[in-house]
Structures are given as structure tokens and as C-alpha cells.
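Numbering (this note's numbering), first residue to last: 499 to 646. Even for Gly, the Cβ is constructed at its ideal location relative to N, Cα and C. Values in this document were obtained by computation on a predicted structure and should not be read as measured data. Encoded as C-alpha cells, the structure appears first; notes follow it.
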């Protein structure tokens, strides 16, 4: 696909019918990206985390991430050794600075969690750096920390 900006200046509607599995072993619905619309500085996708599921530990060098929880509750271990922890519920946002290791988890054992992901990388999966050594770190058992 041609990744150059749309020369005609037309806006596009993307129907999120195409699902794929990302490097993090989570399901994504393709949305706005270099591959779908020729985006140059952003991607936005829907992601589903299965009940009691988790993504792999990873980071996105040079790219910030914003997450909006549509359904359910999501926890995330984060930091150089995944030593920090936060939780976000339906209607809340999560911000992940560029280069920050993180690992998401669905806090429900029975319902999938659904989120909207936006990243400053138009080729969403290319900047994903898996960090399998961090997955062996002991789980964090900290009190819930939500946004103020």
C-alpha cells in the first residue's frame, strides 16, 4: 500500500472489520494507520483483552501511547522492571510515555476488556519491542492507583 499522504485531501472512514493479532499476543481491530490511510504520525486501533488475559511485556521506543477504556477494567505493570502498577476502568484514560516498558492485563476473569489505543507511530506494530525477560519478574501486588 502507498504510505504517502492522501494527495486528494480526502478524509477516510475505516470500518474496524479487519482483526489481527499483534506482537503482544492481543487482538486488534485495524483502524487508522500508515497501512490503512497513509497516516504519517498517528495510529488508532481497538484492542480486546480476553478474560484474565494479558499482553506481553513490551515498549514503544520514541512513541507515546494513549489508551481509553471502553469496557471493563485494565491493569498495567510498567517501569524499567515492571515495578509499578496502575488500574483504569471504563471511561478512564491511561498515558504511557515513549520508551516505557509495560504489560497490560484484563482484571476480569469473565468479561473481555476493550480499549481504544492511539500512538504517535503510524506503523503501530513496527515500534513494538518485546521484553520477555521482564515477564519473569514477580507480579506487583500494590494497591490500585487510578487517575486523579
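Item                                                                                                                                                      : Value
Would residue 585 be called buried (16 or more neighbouring beta carbons within 10 Å of its own) or exposed?                                              : buried
Under the rule that 16 or more other beta-carbon atoms within 10 Å means buried, what is residue 500, buried or exposed?                                  : Bear in mind that the predicted position of residue 500 carries a pLDDT of just 42, short of 50, making it unreliable; the figure below should be weighed with that in mind. That one is exposed.
Where in the segment 570–643 do unbroken runs of the beta strand (DSSP E), each at least 3 residues long, occur, reported from the N-terminal end onward? : 571–576, 582–587, 591–594, 600–604, 611–617, 626–628
Checking 8 angstroms against the spacing of the C-beta atoms, do residue 557 and residue 613 come in under that value?                                    : no
So residue 580 and residue 635 are supposed to be a Cβ contact under 8 angstroms. How far apart are they, rounded?                                        : 5 angstroms
So which of 608, 542, 512, 630 has the shortest CA-CA distance to residue 619?                                                                            : 542
Looking only at DSSP bridge pairs, what is residue 564 linked to?                                                                                         : 593, 616
How many angstroms separate the CA atom of residue 510 from the CA atom of residue 535?                                                                   : 7 angstroms
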